[in-house]
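In UniProt numbering, the protein residues as written are 1 to 384.
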């Protein structure tokens, strides 16, 4: 075991954090046979060494009557790409952006936007195109069938600290596996949401709370949310559990991609000649034991022509890249993009609670809010 860069107890701790992202120090102590203070020190040590980077929470946009849109924004130059990255942060419904490179340069951008109201979102992108920040673009509408898979540390070889996966077996299963029905979008509970629910969700997705001394606390608890929002703990407890049951898609632990050698990032668009192949691919890649052991997000989208596609955003070792792409190319037509996640090249944005109008009980989709104000702010910063 001396060849691996972590102790076996650290590995056991990482397994606990992988399988139970919200596990408490007391629970860790009980399972590892150590004291709670020691458990806390060990978790903090993993953070200081940047092996473990805390936990993150995702939410289901359909539960709030939102639809996810995915844009491939091609840019004419690196300079315009950097200006585009600045511009995108001003849109109230953006949830993430990432640089991509290869034969073309650009930005992937995702928005959780009010359902069936996409005209002004497209107008926003068209306005950026008019200003020369975007040369052309593609856009896709999510059908609500998605799954995020975390790295499976149980399938990491501790003797070599390398990942192994049988791609021939994977290809065989892609041809024969019984496809499961694609998961249905979550039902909307927007009419049951209270103002405090939006604030709780915003705090959870931001992943940090501002302390009185100006620093940030990333260990968010219900008690801390109560103090931060100045809402009674019992009310926070009730509303948090409402969100957990109806809106949140779950917590996941964040591990260092570099440490575990899964720092090659790809986004792969897959089109199939029949929907059975698409369903088989989704079924296999969402199987926790049979799918690849790497970190990835897989989602079903519809393109501008109404055709279904799978989009796979994957982090994996470079020595598995060719195997993955070759395997998928045998069942689907692919477009493969390299993704840059270094520094600010990839950014996630928290839920924005002020985008909901509680007086009208609806999302703000007026032209001023989603188009005029963002474009004015962009113009002021970029001096367009």
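Note that beta-carbon positions come from the ideal geometry of N, C-alpha and C, so glycine has one too. On a predicted model such as this, the values are computed, not experimentally measured, just so you know.
In whole angstroms, what separates the C-alpha of residue i from that of residue j?
i, j, result
"residue 161", "residue 84", "39 Å"
"residue 14", "residue 49", "13 Å"
"residue 55", "residue 148", "14 Å"
"residue 30", "residue 103", "52 Å"
"residue 78", "residue 121", "24 Å"
"residue 293", "residue 357", "42 Å"
"residue 136", "residue 172", "38 Å"
"residue 225", "residue 169", "47 Å"
"residue 158", "residue 151", "15 Å"
"residue 203", "residue 187", "23 Å"
"residue 313", "residue 322", "15 Å"
"residue 355", "residue 93", "8 Å"
"residue 167", "residue 6", "28 Å"
"residue 24", "residue 16", "10 Å"
"residue 331", "residue 221", "45 Å"
"residue 2", "residue 154", "Caution is warranted here: a pLDDT of 44 is assigned to residue 2, below 50, making its placement in the model unreliable, and the coordinate value is therefore given only provisionally. Those two C-alpha atoms are separated by around 18 Å."
"residue 254", "residue 53", "5 Å"
"residue 61", "residue 299", "13 Å"
"residue 326", "residue 320", "10 Å"
"residue 219", "residue 46", "14 Å"
"residue 185", "residue 69", "14 Å"
"residue 268", "residue 341", "16 Å"
"residue 366", "residue 206", "25 Å"
"residue 57", "residue 378", "29 Å"
"residue 75", "residue 115", "27 Å"
"residue 234", "residue 227", "12 Å"
"residue 181", "residue 131", "43 Å"
"residue 223", "residue 372", "39 Å"
"residue 333", "residue 28", "45 Å"
"residue 289", "residue 257", "21 Å"
"residue 43", "residue 297", "26 Å"
For the putative contact between residue i and residue j, defined by C-beta atoms under 8 Å, what is the C-beta separation to the nearest angstrom?
i, j, result
"residue 124", "residue 347", "So it is not a contact: roughly 18 Å between Cβ atoms."
"residue 280", "residue 174", "6 Å"
"residue 64", "residue 231", "Between residue 231 and residue 64 the Cβ distance is about 20 Å, and since that is not below 8 Å, they are no contact."
"residue 145", "residue 183", "5 Å"
"residue 140", "residue 302", "7 Å"
"residue 73", "residue 109", "6 Å"
Buried or exposed, going by whether 16 or more other CB atoms sit within 10 Å of the CB of residue i?
i, result
"residue 8", "exposed"
"residue 37", "exposed"
"residue 97", "buried"
"residue 362", "exposed"
"residue 41", "exposed"
"residue 309", "buried"
"residue 376", "exposed"
"residue 349", "buried"
"residue 311", "buried"
"residue 250", "exposed"
"residue 304", "exposed"
"residue 245", "exposed"
"residue 195", "exposed"
"residue 241", "exposed"
"residue 266", "buried"
"residue 343", "exposed"
"residue 106", "buried"
"residue 197", "buried"
"residue 291", "buried"
"residue 380", "exposed"
"residue 239", "buried"
"residue 81", "buried"
"residue 382", "exposed"
Are residue i and residue j close, meaning C-beta to C-beta below 8 Å?
i, j, result
"residue 338", "residue 100", "yes"
"residue 284", "residue 177", "yes"
"residue 424", "residue 276", "Nothing can be reported for residue 424, as the shown portion of the chain is limited to 1 through 384."
"residue 113", "residue 190", "no"
"residue 374", "residue 90", "yes"
"residue 133", "residue 87", "yes"
"residue 345", "residue 263", "no"
"residue 51", "residue 259", "yes"
"residue 317", "residue 163", "yes"
"residue 307", "residue 271", "yes"
- prompt: At which residue ranges does the stretch 270-356 contain complete beta strand (DSSP E) runs of 3 or more residues, listed in the order of the chain?
  reply: 295-303, 308-316, 333-340, 346-348
- request: Report the residue ranges of all alpha helix (DSSP H) runs contained in full by the stretch 45-91; include only those spanning at least 4 residues, in chain order.
  value: 78-88
query: In chain order, which continuous runs of the alpha helix (DSSP H) of length 4 or greater are located wholly inside the stretch 144-178?
result: 167-176
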